[in-house]
Structure formats: structure tokens, C-alpha cells
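*Asks:* This is the structure I want to talk about, given as C-alpha cells.
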Amino acid sequence: MSTADRIVYLNGQYLPRPQATLDLEDRAALFADGVYDVTAYIHGRPLAMDRHLARFRRSLAGIELPPTLADGLDLVSDELVRRNFGPTGDATVYWQVSRGAGPREHFPSAEMAPTVMALAYPAKPWDLQARGSVPTIKAILAEDQRWSRCDLKTLMLLPNILALAKARRAGCSEAVLHRDGMVTECCRTSLLIVRGSELWTHPADRWILGGITREILLEQAPSVGLTPVQRPFSLQELASADEVLITGTGSRVQAVTHVDDRPIGNGQAGPATGKLYTALMNYARRTTRDDRQ
Ligand SMILES: Cc1ncc(COP(=O)(O)O)c(C=O)c1O
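Below, the structure written as C-alpha cells:
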């Protein structure tokens, strides 16, 4: 299916992609004045939908938009996946709400109606039985230049994009961000490290996005013999970790084998990361099981 054939959602309507247009003065385009979220559909069923809706409501409230704008986006997403990829599609669904459109003026006007849109994208099929090897990536280090509300999933992604561009120039697919010598997360994924039998990750405060895949892995960690620990950690602790992994709705679980060309552990995906990957697949299988089948 080409992009032109795709059905998208815009302000209450399902439209063919070419017919859905944003106002040139939408505040998403002028000011990145909006928030977004991304959910995964596995064989036609949403993964952790309630958590994504709750986070989206927090993001909306965080930029002073009504959290109720998220209401119904679960049903919209079901419909988009069904219409675009059929009843058993593997997809990601992107939600975006901006403050609306109006003449370019920093002060938001009370009359503006928020723009609500949702787009469904095809995703690599989830192999929920997978017990095989975990995908691996290499990363660079980059200074975290984002603002101090990284917990809100806002449209303002320029620091993330610039760090990712730097990663790509170095032949890597992620950048591990750090602030004052402490590791926060990556540009589009959460970062976790394994040290002995502990799974460390930055606390879910204002310096990172509270990743939902991260949250699921922290919950599942004890089932694979790991103790979850939310604590800030340094670049040195990253470099001397036994294993490093990234997580995200689209990326799922991936092992980081090298950071700035230096190997983590023996430079291969480690056993704990493999177990966490399997734990995510098991969680997805349990929670997206379709009772109608
Ligand atoms: C900065 C950042 N951290 C972490 C994540 C992972 O979050 P989730 O697991 O909810 O997809 C994302 C996903 O977009 C992100 O942009």
C-alpha cells in the first residue's frame, strides 16, 4: 500500500492521506506547539494502550491542553489499523495534538481549536514466539541538549534529531545522551544497563521520557532474575556495564554492543538482554491475546 492509498484521521474524519491537509499556520508547524505519542499494534491488537493513553493525557495536561483530547484515540487507532492493514495488522499508530491554527503570534488564542490527528504505519511483524537473537545496534555519546521537561512527549525534537544525525554520520543508529556526566536516555529510546544481577535505568523524572517499554521491562525484570533499580548513573558506569540495551515501542528491545566504538562487555548481545527480549515478547503475547480467535 502506498502512502497515497493510506487512510488517516484528522479532526474527527477518516480521510485518504492526500485529502488530509494541515493549515499552514497550524502551531505544530509554526512552534512545535503540541504533543504526540506512538502505540504498537500486534496482529491487530494494541499493546499497553491504557498506558499510552495515560501518558498522552499527561503530555496534554503538561502543555495546558485538555487531557480529554485523548479520549477515543484508542478506538480511532483500532479503526485506522483495521482500515489500512486489516484485522491482524502489525502497525504503529502515531497521535498528534497541536494547539490549533491561527495567525503567527506566540500568545495562544483561547478561540483556537486543537488539531487532532492520527496516522498508522506498517511495522515489522512481531514474532512473539521468538527465542532467537536480539537485534544489536551501535551508539555514540552525545550531550543531552533537551529542555527540562523531557517527561512530556512534545513535538519539539530538534535536539534529538541533531544527535541522531551525528550518530548516523558515525555509522550508528542511536545516541546515548548525557547531562553533567550522567546518562539520561537515547534520542528515541530508553536506555537500561545490566550490572551483575541488577537492571539500572534513570529514574522517570523530568530528565527522561517515561518509556512504556522501559516500564514493562522493569516490571518483568524479576521474572528473569534481575532486580530493577531506578537510579542515575555515570558515563563510567555505562562504559563498565555488563550489558547495555535500548527499548521503545518501535525498537522493542535491542542490545547496544558498542558506544563510541568501544565494546560493551564482549561486544555482543548479552544473556540478560536476550531474556528481557523474550520477557517482552511473552508480555505482548499474554496481553494482546485476541479472545475472539
Ligand atoms: C526520548 C525517548 N525516550 C524513550 C522512548 C521510548 O518510549 P516508549 O517505550 O514508550 O516507546 C521514546 C519513544 O519515542 C523517546 O522518544
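Residue numbers for the sequence shown follow our numbering, beginning at 50 and rising by one.
Note that the Cβ used here is the ideal one computed from N, Cα and C, for glycine as well.
I'd like the ranges of any beta strand (DSSP E) spanning at least 3 consecutive residues and lying wholly in the stretch 119 to 156.
*Replies:* As far as the stretch 119 to 156 is concerned, its whole beta strand (DSSP E) runs of at least 3 residues are 140 to 147.
*Asks:* Might you give, ordered along the chain, the residues of its own chain that have their beta carbon closer than 8 Å to the beta carbon of G220, omitting 5 neighbours on each side?
*Replies:* Excluding residues within five positions, the ones whose Cβ falls inside 8 Å are K187.
*Asks:* Do you know offhand how far G316's Cα is from S147's?
*Replies:* Rounded to the nearest angstrom, the two C-alpha atoms are 42 Å apart.
*Asks:* Would you mind working out which of R107, V130, A288 sits nearest P171, comparing C-alpha positions?
*Replies:* Nearest option by C-alpha distance: V130.
*Asks:* Between Q342 and E247, what straight-line distance do the alpha-carbon atoms span, to the nearest angstrom?
*Replies:* Caution is warranted here: a pLDDT of 39 is assigned to Q342, below 50, making its placement in the model unreliable, and the coordinate value is therefore given only provisionally. So the two alpha carbons sit approximately 38 Å from each other.
*Asks:* Can you tell which of T185, E223, L213, P252 has its C-alpha closest to the C-alpha of D200?
*Replies:* The shortest C-alpha separation from D200 is found at P252.
*Asks:* Quick check: G297 and S222, are their CB atoms within less than 8 Å of each other?
*Replies:* No, these two residues do not count as a Cβ contact at 8 Å.
*Asks:* How is E223 classed by DSSP in three states: helix, strand or coil?
*Replies:* Residue state, collapsed to three classes: strand.
*Asks:* Exposed or buried, what is D254 when buried is set at 16 or more other beta-carbons lying within 10 Å of its beta-carbon?
*Replies:* So D254 ends up on the exposed side.
*Asks:* With respect to 7 Å, is the separation between the Cβ of R107 and the closest non-hydrogen atom of ligand 1 below this value?
*Replies:* Checking the Cβ of R107 against ligand 1 gives no.
*Asks:* Assign S289 to one of three DSSP states: helix, strand, or coil.
*Replies:* It is coil, neither helix nor strand.
*Asks:* Please indicate yes or no: does the CB of L17 lie closer than 7 Å to some heavy atom of ligand 1?
*Replies:* With the chain covering only 50 through 342, there is no way to say anything about residue 17.
*Asks:* Please classify H307: does DSSP put it in a helix, a strand, or coil?
*Replies:* Three-state result, H307: strand.
*Asks:* How would you label N133, buried or exposed, when you count the other beta carbons within 10 angstroms and need 16 or more for buried?
*Replies:* By the neighbour-count rule (16 or more Cβ atoms within 10 Å), N133 is buried.
*Asks:* Within its chain, find whatever has a CB closer than 6 Å to the CB of L168; leave out the 5 residues flanking it on each side and keep chain order.
*Replies:* Only V57, Y143 meet the Cβ criterion.
*Asks:* Any idea what DSSP makes of Q342, helix, strand or coil?
*Replies:* Residue confidence is low: Q342 scores 39 on pLDDT, short of 50, so the model does not pin down where it sits. No coordinate-derived value is stated.
*Asks:* Please tell me whether, using a cut-off of 7 Å, the distance from the CB of I242 to the nearest non-hydrogen atom of ligand 1 is below it.
*Replies:* Not under cutoff, so the answer is no.
*Asks:* Would V225 pass as a contact of L190 if the rule is Cβ separation under 8 Å?
*Replies:* Their beta carbons are under 8 Å apart, which means V225 touches L190 by this criterion.
*Asks:* If you draw a straight line from the C-alpha of H227 to the C-alpha of M205, how long is it?
*Replies:* Roughly 18 Å between the two C-alpha positions.
*Asks:* For ligand 1, is there any heavy atom lying closer than 7 Å to the beta carbon of C221?
*Replies:* Result no, Cβ not under 7 Å from ligand 1.
*Asks:* For T337 versus R94, is the C-beta spacing smaller than 8 Å?
*Replies:* Yes; because the gap between Cβ atoms is below 8 Å, this pair is in contact.
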